[in-house]
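In UniProt numbering, the protein residues as written are 1 to 183.
Backbone N, C-alpha and C define an ideal beta-carbon position, used for all residues, glycine too.
In what follows, a single structure is set out as structure tokens and then discussed.
Quick look at the structure:
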């Protein structure tokens, strides 16, 4: 079993970063994420907590041998998320649905205001990767390969989120400019 952990400070407020997360896909940095489908979404009327269940289709560029072993390069991930606007927390848990009998990948992500600077957002990410079944004898090699791929995808995922944040900020600025011109 391999563990992946990362933290990052986005130099944007929590509301902007959490909004960007919903608009993250598609983006130029993460072409491997092909489709996101919202399966269920509800808001608790008493707490205001938004709960969402999404199915994410991912197509990885993998070596031919891996493609043959796993039967393809497309996989599906089930994601559960909660957004608490009062506490300013957004948490997401995801688990691969495809090939999970051979390789299990569970991920946990949280976005919270940075305790050292409330105008920034703290991103924490952890993942557990575990090879099993027919892959047990190659577990270390496969887990290492997947860990490296996960690390690369995590990096471009942050770049993609920054790209979406920039679009949101530009949209906000475009909305402000006409108002100042009119006054």
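With a cut-off of 8 Å on Cβ pairs, the stretch 32-52 is in contact with the stretch 69-85, counting three or more such pairs. Contact annotation: residue 19 and residue 37 have beta-carbon atoms that are not nearer than 8 Å.
Unbroken beta strand (DSSP E) runs of no fewer than 3 residues, entirely contained in the stretch 116-145, are found at 117-131, following chain order. Residue nearest to residue 71 within the set 62, 142 and 86 is 62 (criterion: CA-CA distance).
Residue 155 and residue 175 have their C-alpha atoms roughly 31 Å apart. Straight across, the Cα-Cα distance linking residue 162 with residue 94 is about 21 Å. Rounded to the nearest whole angstrom, the C-alpha separation of residue 4 and residue 126 is 5 Å.
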